[in-house]
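For the sequence shown, the positions run 0 to 585 when numbering that gives the first Met the number 0 is used.
Here a beta-carbon is modelled for each residue, glycine too, at the ideal position from N, C-alpha and C.
Please read the structure below before turning to the comments.
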Amino acid sequence: MPVFRSLKSTILWLFIPIITVFVLVTGTISFILASQQLKDNAFMNLNDTIAQTKSLLSDKLTAFIAELIGLENSSQWVSIMNRPDGSSASLEPEDYIFLNKALDAYFERYAMLDSVLFYYDEGRVSLYKRNSSGSSVNISLDAYSSKLEDDRLSVIKWLNIHDEVELDTQQVVSVYRMFGKNKSQTNGIFMMNIKGRFFSDLLNNAKISTNGYLCIVSNDGVMSFKNVAAKYDLDEADLQDELLARESPSGEFSMKSNAGQPLLVVYDTLSLNKWKIAAIVPQNELFNKVNSIGLVIVSVMLLVIIVAIALSNVVAHMITKPLTKLTQRVNRIEEGNLVFGINKFPSNEIGVLSRGIQEMMRRIQHLINEVEEVQEKKRSAELAVLQSQIKPHFLYNTLYSIKQLCEMEESKDAGEMVAALSNFYRISINKGSEIIPISQEMEHIKHYLCIQQMRYRDDFIYEIDIDPDVLVCNIVKLTLQPLVENAIYHGIKQKRGQGLIRIVGRLNNHEVTLWVEDNGSGMSVEDVEAMNAALRSGEPGSGVAGFGIQNVNKRLQLNYGKEFGLHYHNRQGGGIVVSVVIPSYE
C-alpha cells in the first residue's frame, strides 16, 4: 500500500529546497561581491587618508620653507651674511631689530613653530627665539654639519623628530641650513624647530582602525605617536629599512608584527624632503567589515529562509485549504452525512469539483427523501389500518349497549348515548385533520367516558384536572382514548369495587405532560418494564403492548420525534399511570 502524503507536504518538500538553494546561492554571490567592494573601499580609504595627510603636510611645510627662503633673499639678510669676517662686531642695532621682527612674524603666522636659531661667526651674531622671547646661545656647529650628506651647504636639511639637547628643546622636527665654505668649514646655521605636537595631531587625526596608524619614515628615524596592542607592535628599524628600500614613491606591501600578526603597509612620499608617509593597518581590522557583512548576510539568509518556509507554509495552506475542506466533506459523506454545506465556491477547478459533488449530493438527498416519503406514507397507511381495527370494536359494543337500553325502555339514556356516540365520531373525523387542540381531545374523552359510564353504570368514576395553558396546546387526535380504554378494560374491570380514572395535564419547560391514572389491579414491575421496552422497540404486537398502545406511541413519535411518546409506571396505592409527553406547540 503506497504511503499517503498530503498535497501540502508535497508542495513544501518541493518549494523549501528550491528556495533554500536560491537564497544560499544569492547570498554567497552577494557576499563575494560585497567583500570585494569593501576591500577595494578599504584600500581606497587608506590611500585617500595618506593623500590628504600628505597634501596637508606638504602645504604647511612648503609654505614654511618659502617663508624661510624669502627671508634669506631679503636685502638686509644678505647684507648681514655678506659682511667680511671679523666685521660682525659692527652689526647695527637695526639689524637685530630686523631679525627679531622677521622671526616674530614667523611665530605669529605659524603656531606649529617651537623655536628659531640664528648662529653665525662663532656666536658673534647669535639669536635664539622661543615663544617670541630671544636670548644668546653657544652651540657646536660640528653636530649639525656632520648630518649633511655632501658639501653643498645650500641644501636645506631636515631632521626627523628628536630632542634638541643643546637648545633644551624636546620632541621637535628641525629644518636648517648651514653657512660656510663647505661641510668641514661651516661658520653658521639658521634652524627652525617645528613642534612635535603638530605632527602628532596631524597623524593621530586620521581615523584608520583601532590599531591602525600613520607614521613618517626618513633616513634618520620613524615618527609615530599611537600606542597599539602588543600583538601589533612592529620593529621600527625593519619598517624603516623596508620603506627606504622601495624605489617606487608610493605603493603597498605586507609585513608581520613582532607577534606574527599580518600587517598591511600603504605608503607615499613627500616631494619636499623625500620622507615616507605610511599607514600601518592590521589586516584583520582592515577587513573586519568584510567579516561583519558576512555575518549580516548569513543572518539575512537564515531569516529569509525562515520567512520563506513560513510563507511557503501559508501559500501551501491557501492552495490546499479548499481541497482539505472538500476531502473532509467527502469523508463525512462516507460516514453517511449527505449535507455538503458549501454556499460559496472558489472560482477555480476546485470550485467546479465542489459544485459538482454538492449537486450530486443534493440529488441523492432528494432521492432519499422521496424514498423516505414513500416509506412514511406506507407506515401511515399501516397505522391507519391498526387504528381502524379498534373503531369497529368500540362501535359494536356501544350499539349493543344502546340496543339493551332500548329493550329496557330506557329511551332517555339511549338517546344520550346516541348523542355522545355521534359527538365522539364527529371529533374523531375532525374534517380529516390529524392534529387538534387538547381542548377538543378532552371533549372527545368526555364523550367516550360518558358512553362507558352509561354502559358500566357505577363500576367507575372519573376526574379531569387539566391546566388552562394546556388546553390551548395541540395534540395528535385519539391519543388519550386508547389509554382510557385500556384503563377501563384492563384495570377497572379487573378490580372489585368502584374504580377511578383520573386525567391530569400540566405545562412545564415548553413540554406538555398528560397522565392517565387508574386504581385497577395494576401490573407487575416486570410487565411494566416489558411494556416500556415494547414501546421503545416500536414493533407492533411485541411484548405486552397491544396494537392500540403501539399505534398511539408511533403516531406521537412520527409527529414529534423519538424522544416523545408514552411511558408506563406503577401508581402508588395500586393501578397504572401512563404519561404522555409532547412539545407545547399551539
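Same chain, Cβ closer than 6 Å to residue i, five either side skipped, listed in chain order
i: F30; result: G293, I296
i: Q169; result: D162
i: S199; result: F224
i: I589; result: The question about residue 589 has no answer, for the chain in this structure spans 0 to 585.
i: N159; result: S217, D219, G220, M222
i: A41; result: L285
i: Q282; result: P261, L263
i: D150; result: N181, K182
i: Q75; result: F97
i: L67; result: none
Endpoints, the beta strand (DSSP E) within which residue i is located
i: S144; result: Element bounds for S144: not the beta strand (DSSP E) but the alpha helix (DSSP H), 141-144.
i: S270; result: Run containing S270: none; DSSP gives neither H nor E here.
i: E163; result: 156-163
i: F563; result: Taken as a continuous stretch (DSSP letters only), F563 belongs to no beta strand (DSSP E), as it is neither H nor E.
i: R570; result: Per DSSP, R570 belongs to no beta strand (DSSP E) and is neither H nor E.
i: E251; result: 250-255
i: S125; result: 124-129
Where residue i falls, given that 16 or more other Cβ within 10 Å makes a residue buried
i: D267; result: buried
i: E516; result: buried
i: V469; result: buried
i: R553; result: The question names Arg, but residue 553 in the sequence shown is Lys. When all chains shown are included, K553 counts as buried.
i: I581; result: buried
i: S114; result: buried
i: A110; result: exposed
i: F117; result: buried
i: P481; result: buried
i: V483; result: buried
i: M317; result: exposed
i: N137; result: exposed
i: H443; result: buried
i: Q51; result: exposed
i: N485; result: buried
i: T27; result: exposed
i: F252; result: exposed
i: N586; result: The structure shown does not extend to residue 586, since the chain is modelled only from 0 through 585, so no value can be given for it.
i: F423; result: buried
i: H446; result: buried
i: V576; result: buried
i: L398; result: exposed
i: E433; result: exposed
i: G69; result: exposed
i: Q493; result: exposed
i: L479; result: buried
i: L269; result: buried
i: Q571; result: exposed
i: E375; result: exposed
Same chain only: Cβ atoms within 7 Å of residue i, ignoring 5 sequence neighbours per side
i: N531; result: H566, Y567
i: Q451; result: I487
i: L13; result: none
i: A380; result: With a pLDDT of 49 at A380, under the threshold of 50, the modelled position of that residue is not reliable, and no figure is offered here.
i: S73; result: none
i: C644; result: As displayed, the chain neither begins before 0 nor continues past 585, which places residue 644 out of reach and without an answer.
i: S583; result: C472, L506, H509, E510, V511
i: S256; result: K230, Y231, D232, L233, L262
Same chain only: Cβ atoms within 8 Å of residue i, ignoring 5 sequence neighbours per side
i: S139; result: E165
i: V417; result: I401
i: L448; result: Y461, V483, I500
Proximity test, residue i beta-carbon vs the ligand NAP heavy atom, cut-off 7 Å
i: S208; result: Among the ligands in the structure shown, none appear at all, so the ligand NAP cannot be discussed.
Alpha helix (DSSP H) segment containing residue i, residue limits
i: S438; result: 437-455
i: S199; result: 195-203
i: E284; result: 282-285
Contact with chain C by residue i, beta-carbon distance below 8 Å
i: A413; result: The displayed structure is made up of one protein chain only, and chain C is not part of it.
Is there contact between the stretch 222-238 and the stretch 140-155, where contact requires at least three CB pairs shorter than 8 Å? no
Taking only runs of the alpha helix (DSSP H) that begin and end inside the stretch 57-117, which ones reach a length of at least 4 residues, in chain order? 74-80, 92-108
Alpha helix (DSSP H) runs wholly inside the stretch 460-538, at least 4 long, in chain order: 467-470, 479-486, 524-536
Contact between the stretch 206-224 and the stretch 185-192 is defined here as three or more beta-carbon pairs at a separation below 8 Å; is this criterion met? no
Assess, as a yes-or-no matter, whether the stretch 298-315 is touched by the stretch 92-101 under the definition of 3 or more beta carbon pairs within less than 8 Å. no
Kindly confirm or deny that the stretch 495-505 and the stretch 450-469 touch, where touching means at least three C-beta pairs closer than 8 Å. yes
Do the stretch 168-184 and the stretch 241-256 meet, that is, are 3 or more Cβ pairs less than 8 Å apart? no
Write down every uninterrupted run of the alpha helix (DSSP H) in the stretch 172-246 whose length is 4 residues or greater and which is fully enclosed by it, in chain order. 195-203, 235-243
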